[in-house]
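One structure below.
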Amino acid sequence: MPEPLRQPAAHRAIDRTGAARGGDAEPSCPIEDIAQAYLVTAHGDAGLALRCAITDALSDLMEAERRARENSRLISRGYVRNAAQGGT
Numbered sequence: 429m430p431e432p433l434r435q436p437a438a439h440r441a442i443d444r445t446g447a448a449r450g451g452d453a454e455p456s457c458p459i460e461d462i463a464q465a466y467l468v469t470a471h472g473d474a475g476l477a478l479r480c481a482i483t484d485a486l487s488d489l490m491e492a493e494r495r496a497r498e499n500s501r502l503i504s505r506g507y508v509r510n511a512a513q514g515g516t
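Residue 450 in our numbering is what sits at position 22 of the sequence shown, and the numbering runs on without skipping anything.
Here it is, written out as structure tokens:
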């Protein structure tokens, strides 16, 4: 799987004044900001931008699942230790 094209959060921000959108003065929604950031990072290649967004989303999902498993394991270990020490 290719390495995601992530940039620091400071570089992902899109100008909310509309300057990056051809002078549109309406504030944009976060979804449009994210899509635009991926398009800019992919140099306008929509296919590459989509693949990068999916890669990043799956990476974040896998990390969240890993953390959930780790938390579950730690909670289970706590219950076992408490029972072994005669706790209630």
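All residues carry an ideal CB built from backbone N, CA and C; glycine is no exception.
For ASP473, the secondary structure class from DSSP, reduced to helix, strand or coil, is coil.
In the same chain as SER504, and ignoring 5 residues on each side of it, no C-beta atom comes closer than 6 Å to its own. If you draw a straight line from the Cα of GLU498 to the Cα of ALA492, it comes to about 10 Å. Taking the Cα positions, GLU460 is about 10 Å away from LEU467. Rounded to whole angstroms, the gap between the alpha carbons of THR469 and CYS480 is 9 Å.
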